[in-house]
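In the working numbering, the protein residues as written are 3 to 918. Glycine included, every Cβ here is placed at the ideal spot set by N, Cα and C. Small disclaimer: the values here were computed from a predicted structure and weren't measured.
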RNA sequence: GGGUUUAUAGCUCAGUUGGUUAGAGCGCUACAUUGACAUUGUAGAGGUCAGAAGUUCGAAUCUUCUUAGACCCACCA
């Protein structure tokens with residue numbers, strides 16, 4: 003090394019330049035192949051599609067977590083020589099983005115942006131906002147160190163993706179899976195749009211439940227929380243075998259209900275779903291304003307009984323003309339009050355009761371959802387797909403259970419497994435999916451309505467045309483046409499993300515990378531998103547969108563609360579990066595998290611990450627300096643295949659031990675990453691780095707010397723193992739070692755080259771450690787200054803050879819000026835001691851030993867070990883244990899007992915000498 | 001109402017298919033500090049693994065129940 007590295011790692015000085023080097027190197031693209039790969043043409047593809055962040059603003063910590071997960075995986079696979087594609091992109095996020103921009107405009111003083119700007123004007127504003135947001139988001143993703151292929155950047159709303167959306171719509175329409183229908187849908191008055199069942203947020207609120215009769219003579223009491231909708235009731239449903247069954251089939255005429263000025267005709271219908279034992283055992287059927295009641299309407303209609311629909315609430319959220327002249331134009335709250343007043347005045351109100359009610363609200367616009375009947379576009383999830391013999395629902399189920407068509411290779415594995423259950427529960431409860439929205443930001447429904455006068459005259463039937471192409475005139479009659487005003491649900495397009503990003507089935511990327519390898523997502527969108535991706539892939543290609551789904555928990559703040567705008571507890575990842583560096587942030591996001599569980603984010607964790615990164619930096623600095631000093635020049639480590647090293651020969655016990663530990667680490671981390679145990683891998687890396695390497699081996703290296711080769715090898719391997727987690731610092735160090743011509747990013751992942759089994763290495767080294775720790779412990783207990791050197795006598799027994807051989811370690815690590823090792827030696831006068839296995843260690847206190855204190859200490863130890871010995875004896879005396887437990891376990895217990903007994907015996911001897 | 005999930009050291013969390021005298025990080029206590037690192041080192045204190053019962057030779061780990069929390073789903077009017 004020619005230049006001295008700074009004492010502390012300063013991320014800000016390296017990160018941007020390193021990212022640029024990576025990007026410039028071309029290795030973010032799957033086509034670039036590292037030189038050490040033997041067969042570049044047959045590399046296994048590995049693809050991850052980045053869940054596209056919404057272009058609604060800036061990234062938050064949740065995105066940082068996802069980026070880290072994906073990047074750890076991508077980097078790991080890339081170092082394994084795979085053809086890795088991590089494809090980045092963003093989502094136009096239809097409703098979310100439009101709602102955000104409209105809100106901004108209103109805050110800036112506009113009253114009604116849609117009205118004031120018009121469709122094109124508002125779209126222009128949203129487009130501007132989206133573009134800006136996109137730029138910010140992409141630069142943030144880069145700051146996170148994400149090794150994404152920017153040449154393939156995608157956007158759910160770009161031309162290529164939009165084209166695919168239209169093609170898929172058309173195909174599903176042709177297959178009869180998309181239909182236009184008049185249904186009761188979820189309507190947000192504030193957003194002036196429908197929303198799917200999955201875009202609702204339920205809130206708990208106090209509400210009143212009114213029990214009433216429609217009229218004096220009406221026999222059945224009815225309960226409702228929405229009296230104003232009763233103006234639109236067309237039937238009363240009872241259980242076919244219930245207490246009201248005698249009335250089934252009758253029709254009651256209620257004159258002037260609620261003084262509405264019109265007549266209600268209520269048919270009494272029978273429905274199995276009415277619970278006779280609940281409430282009044284009857285249900286006022288509001289066919290137009292309740293999805294369930296609407297179902298009854300359809301059911302009755304199919305039976306030839308048209309009970310009719312009366313829409314009393316309009317799209318503007320106000321009562322309609324049909325509600326009656328008294329109510330027309332009133333808000334639902336006003337109408338409710340008036341109906342209740344009237345019921346009360348007429349003596350028809352039987353009971354008022356306060357109840358807790360959960361009401362649906364629009365998760366984007368926040369207002370309470372009204373159920374209103376209208377004509378919309380739907381995906382039929384229950385209909386049999388032509389030629390397939392199954393419905394979309396069945397495909398969604400197969401894809402995660404038996405695999406599509408029972409083919410286990412076409413099965414998406416959900417990790418952790420438990421999320422499979424919630425996914426399936428959701429699939430089973432799925433209703434037809436309303437995909438049309440009345441907002442403007444999004445893919446326009448690719449349907450054109452014929453408006454030509456010509457066709458009317460001719461009596462033709464060309465009402466509308468569904469096509470994936472843009473139309474200018476009606477292809478049937480040549481008449482004028484107009485495209486459907488509505489746009490598509492955002493999930494309709496993001497559901498196609500795994501293949502739309504790859505250009506669709508004809509594209510060569512699709513052929514290489516589909517199905518994708520791995521997809522990660524938060525559990526809150528498993529049903530929303532994963533299900534839709536599976537739906538489309540299964541339907542279009544009879545394949546799964548990804549082989550493994552990794553579901554992670556959500557990130558919470560220090561107090562376990564969700565991050566939210568209203569709580570103002572948000573943390574900008576860029577601020578964290580600025581202060582602590584990207585590596586520290588990444589590490590803090592990965593560690594201490596069980597798969598699928600929520601985790602908390604707090605600065606102490608990032609600090610710990612920063613400290614670790616700094617430790618890594620300084621250890622490397624030390625290793626490089628040592629290598630330099632020992633070899634006299636800047637060392638270019640022995641390289642094979644561009645940086646893969648040969649395992650050096652172990653010269654000492656410590657060498658054997660650390661190399662063995664390193665082998666174990668390589669195996670462990672590899673296994674953990676293969677099974678998505680990100681936290682485990684990171685923690686074992688930290689343990690090795692800090693506890694084994696820094697605290698022991700490097701200290702011993704200072705004592706033993708001659709470590710150039712071993713240190714080279716360890717550093718090389720360790721940097722590779724750390725790289726997926728802390729890419730910047732490891733690359734920075736790598737650069738110091740190997741110069742700029744090589745990138746750690748594409749160095750080969752370490753493998754175990756030789757597992758040299760020196761029996762007992764670990765036990766022997768552990769004994770050394772325990773002796774050292776024991777001495778340090780005694781020093782601390784007897785308040786001997788750390789700097790002061792002490793003399794130690796060891797009665798080593800069988801271990802005499804081991805200890806004699808490694809006496810320098812003992813002397814160095816425990817700061818001994820003298821260390822006498824004998825096979826057996828009695829405790830010298832004026833010494834204190836401890837026992838490790840059969841080894842007794844005595845420390846000379848030069849007469850200043852406090853006999854009482856030493857006695858106390860030994861007694862305390864005996865008190866600790868005695869019950870232990872007894873419990874082991876009991877265990878081993880138990881035949882059932884000996885017979886049933888695995889032999890290895892029994893052996894282990896026997897050994898423990900032997901050692902404990904030995905120790906106890908020696909403690910008692912020592913105590914005996916003291917009390918004499 | 002149904003389902004999922006959590007409860008382990010002061011705090012945040014691990015504990016990989018039942019076999020440890022129960023672990024980590026942070027915090028805490030004491031001591032240390034000129035050569036890799038105070039973004040540090042050494043040593044230490046701290047837990048009847050929410051509670052109860054059961055299965056087992058053996059339970060933090062499996063079963064049942066109880067308590068407290070979180071989340072998801074649900075048409076009980």
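Supposed contact pair residue j and residue i - C-beta distance, whole angstroms, cut 8 Å
| i | j | result |
| --- | --- | --- |
| residue 362 | residue 287 | Not quite, the Cβ-Cβ distance comes to about 19 Å (not below 8 Å), so this is no contact. |
| residue 529 | residue 200 | 7 Å |
| residue 179 | residue 382 | 5 Å |
| residue 2 | residue 531 | The displayed coordinates of the chain run from 3 to 918. Any statement about residue 2 would go beyond what the structure contains. |
| residue 89 | residue 214 | Contact doesn't hold; Cβ gap of about 59 Å is too wide. |
| residue 23 | residue 729 | Not a contact, Cβ separation roughly 11 Å. |
| residue 716 | residue 619 | Between residue 619 and residue 716 the Cβ distance is about 15 Å, and since that is not below 8 Å, they are no contact. |
In DSSP terms, what residue i is bridged to
| i | result |
| --- | --- |
| residue 361 | 205 |
| residue 56 | 93 |
| residue 554 | 524 |
| residue 452 | 483 |
| residue 844 | 795 and 835 |
| residue 476 | Residue 476 pairs with nothing; no bridge assigned. |
| residue 821 | 794 |
| residue 381 | 180 and 435 |
Status (buried if at least 16 other CB within 10 Å, exposed otherwise) for residue i
| i | result |
| --- | --- |
| residue 615 | buried |
| residue 766 | buried |
| residue 163 | buried |
| residue 607 | buried |
| residue 312 | buried |
| residue 483 | buried |
| residue 216 | buried |
| residue 10 | exposed |
| residue 564 | exposed |
| residue 547 | buried |
| residue 340 | buried |
For residue i, the three-state DSSP class (helix, strand or coil)
| i | result |
| --- | --- |
| residue 563 | coil |
| residue 13 | helix |
| residue 397 | helix |
| residue 525 | helix |
| residue 18 | helix |
| residue 633 | helix |
| residue 903 | helix |
| residue 909 | helix |
| residue 923 | Only positions 3 to 918 of the chain appear in the structure, and residue 923 is not among them; the question remains open. |
| residue 372 | strand |
| residue 751 | coil |
| residue 881 | helix |
| residue 826 | coil |
| residue 438 | strand |
| residue 189 | strand |
| residue 740 | helix |
| residue 320 | strand |
| residue 121 | helix |
| residue 501 | helix |
| residue 603 | coil |
Residue of the options minimising C-alpha distance to residue i
| i | options | result |
| --- | --- | --- |
| residue 749 | 607, 301, 426 and 726 | 726 |
| residue 512 | 84, 50 and 451 | 50 |
| residue 170 | 537, 68 and 831 | 537 |
| residue 327 | 388, 260, 391 and 299 | 260 |
| residue 228 | 524, 359, 117 and 303 | 359 |
| residue 776 | 751, 9, 392 and 815 | 815 |
| residue 895 | 885, 908, 877 and 587 | 877 |
| residue 899 | 913, 15, 879 and 917 | 879 |
| residue 791 | 623, 702, 847 and 840 | 847 |
| residue 395 | 385, 336, 517 and 403 | 385 |
| residue 656 | 647, 713, 610 and 648 | 713 |
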